[in-house]
């Protein structure tokens with residue numbers, strides 16, 4: 087199974103903000119949309135990613151005043167990305183090794199989606215349910 091299959095199921099929509107957006111606005115967006123990360127983009131160019139973990143880390147380091155700063159002062163700049171042709175096993179390895187939960191998907195230099203660990207878990211559960219159903223059907227006919 088590839089990343090493209092997951093995106094075709096969940097959709098290609100992404101939430102993004104500009105680098106000069108205030109942290110307070112992004113925290114509000116994450117809460118309203120019930121998401122764990124946003125891409126930081128300048129026009130269509132990926133400049134970073136901001137996750138809940140980034141926010142908690144910087145609040146602990148610098149205090150609540152950081153909420154008035156621009157996202158660019160807090161975001162993760164070295165963003166690990168994947169291709170839509172990558173396999174689920176490959177991106178699971180990337181996320182586990184890198185200890186992150188969100189992975190932008192790039193195709194021909196353009197962001198085409200965002201995969202989360204939750205998306206992978208949903209896909210794996212569906213895969214196991216399908217296998218179990220196939221085994222049940224096989225047992226019934228044997």
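Numbering (the working numbering), first residue to last: 87 to 228. Glycine residues also receive a C-beta, built at the ideal position from the N, C-alpha and C atoms. Every value quoted in this text rests on a predicted model; they were computed, and no experiment measured them.
Point to revise | Three or more C-beta pairs below 8 Å linking the segment 164 to 171 and the segment 126 to 136 | key: yes
Exercise for review: Mind listing, in chain order, the continuous alpha helix (DSSP H) runs of no fewer than 4 residues lying wholly within the segment 128 to 208?
Suggested key: 138 to 148 and 174 to 184
Practice item. Enumerate in chain order the residues of its own chain whose CB-to-CB distance from residue 93 is below 8 Å, with the five nearest sequence positions on each side excluded. Key: 170, 191, 198, 199 and 201
**Study point:** Neighbour-count burial assignment, residue 206, 16 or more Cβ in a 10 Å radius
**Key:** buried
**Study point:** C-alpha gap between residue 100 and residue 121, whole angstroms
**Key:** 10 Å
Check your understanding: In whole angstroms, what separates the C-alpha of residue 139 from that of residue 217?
Key -> 35 Å
Check your understanding: Three or more C-beta pairs closer than 8 Å, one from the segment 140 to 152 and one from the segment 169 to 188: is that the case here?
Key -> no
Exercise for review: Could you check what DSSP says for residue 108 in three-state terms: helix, strand or coil?
Suggested key: strand
Exercise for review: Quickly, what does DSSP pair residue 75 with across the bridge? List them, please.
Suggested key: In the structure as shown, the chain begins at 87 and stops at 228. Residue 75 is therefore absent and cannot be evaluated.
**Study point:** Euclidean distance between Cα positions of residue 212 and residue 96
**Key:** 13 Å
Practice item. Give every residue of the same chain whose Cβ lies closer than 7 Å to the Cβ of residue 156, excluding the five residues on either side of it in the sequence, and list them in chain order. Key: 105, 106, 107 and 108
Review point. Any idea if residue 221 is buried or exposed, counting beta-carbon neighbours within 10 angstroms, 16 or more meaning buried?
Key: exposed
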